[in-house]
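Each remark here refers to the structure printed beneath this line.
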Amino acid sequence: MRILYPLITLLTLVKASPTPDLGDPPGHQYPDIWWYVIPKPEMGCWEWGKWSISHEDLPLAVNWTDLYFASDILKDWGENNKIGGGKMKGFDENEMAAWICNCKHWWADHVVPAELDEAIRNIQIFCPDHGGWVWSEKWQKSWNFGPKKYHHRRKMFSIKCPNFCLWSLGE
Numbered sequence: 020m021r022i023l024y025p026l027i028t029l030l031t032l033v034k035a036s037p038t039p040d041l042g043d044p045p046g047h048q049y050p051d052i053w054w055y056v057i058p059k060p061e062m063g064c065w066e067w068g069k070w071s072i073s074h075e076d077l078p079l080a081v082n083w084t085d086l087y088f089a090s091d092i093l094k095d096w097g098e099n100n101k102i103g104g105g106k107m108k109g110f111d112e113n114e115m116a117a118w119i120c121n122c123k124h125w126w127a128d129h130v131v132p133a134e135l136d137e138a139i140r141n142i143q144i145f146c147p148d149h150g151g152w153v154w155s156e157k158w159q160k161s162w163n164f165g166p167k168k169y170h171h172r173r174k175m176f177s178i179k180c181p182n183f184c185l186w187s188l189g190e
């Protein structure tokens, strides 16, 4: 019993004081972005015209209500399902979509609500106008939030998942 109390106290202190990896790009300060769950992520925004072929290909302004709703649908689906290795899964709401790319080619992966919540929260701060993506090299996984046209793109090396992530162009 004497060792139990110090152990509980130590675990409480460790849990209460996380060391976040801010992951900010050089020259930018985003004090509201904190990483507690996803290890050493990279983050980026869908940019106007970067992948555009025509004027219609430009990203839409983000409707964050629809993105959070699509994210909730993905979490609900993930309660009883896993994303296969080298596959992606996502859901749309109106013109917005939330999707996860599992780039571990040999293992299925869970949809973890805490990861999804952390990723969408930080993307909303970092890329408020057009949405974006979060990538964890350690976990070989990306979380993506933005216009559904990116989610439904069927071109080799499309922007919906990192290059060489998907086994096929379908879901």
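To convert, count from 1 in the sequence shown and add 19; that's this note's numbering. For glycine and all other residues, C-beta sits at the position ideal for the given N, C-alpha and C.
Determine the extent of the beta strand (DSSP E) in which residue i is found, giving its start and end residues.
i      : result
Glu134 : It is not in any beta strand (DSSP E) - Glu134 instead sits in the alpha helix (DSSP H) that spans 132-145.
Quick check: the Cα distance between residue i and residue j, rounded to an integer number of angstroms?
i      : j      : result
Asp95  : Ala80  : 26 Å
Glu98  : Glu61  : 26 Å
Phe110 : Trp126 : 21 Å
Pro166 : Gln143 : 14 Å
Pro132 : Phe183 : 25 Å
Val130 : Met107 : 11 Å
Asn82  : Met115 : 7 Å
Asn100 : Glu137 : 20 Å
Ile227 : Asn141 : Summary: the structure shown does not reach residue 227, with the chain confined to residues 20 through 190, and so no result is reported for it.
Trp54  : Ser155 : 11 Å
Gly151 : Ala117 : 10 Å
Trp186 : Cys146 : 29 Å
Gly103 : Lys123 : 9 Å
Cys180 : Gln159 : 11 Å
Determine the closest residue to residue i out of the options, with distance taken between C-alpha atoms.
i      : options                        : result
Lys59  : Cys180, Asn163, Lys168, Val153 : Val153
Glu112 : Thr84, Asn182, Asp148          : Thr84
Cys64  : Trp162, Gln159, Cys184, His149 : His149
Ala89  : Lys160, Cys184, Phe164         : Phe164
Ser161 : Lys168, Asn121, Pro147, Phe145 : Asn121
Ile57  : Asp128, Gly151, Leu135, Trp186 : Leu135
Asp128 : Ala138, Gly105, Pro147         : Gly105
His170 : Trp53, Ile119, Trp186          : Ile119
Leu93  : Ile139, Gly151, Tyr55          : Ile139
Would you list the residues sitting across from residue i in a DSSP beta bridge?
i      : result
Trp152 : Gly63, Asn163
Trp83  : For Trp83, which the question treats as bridged, DSSP gives no partner whatsoever.
Gly109 : Trp118
Asp95  : Beta-bridge pairing links Asp95 to no other residue.
Ile102 : Asp128
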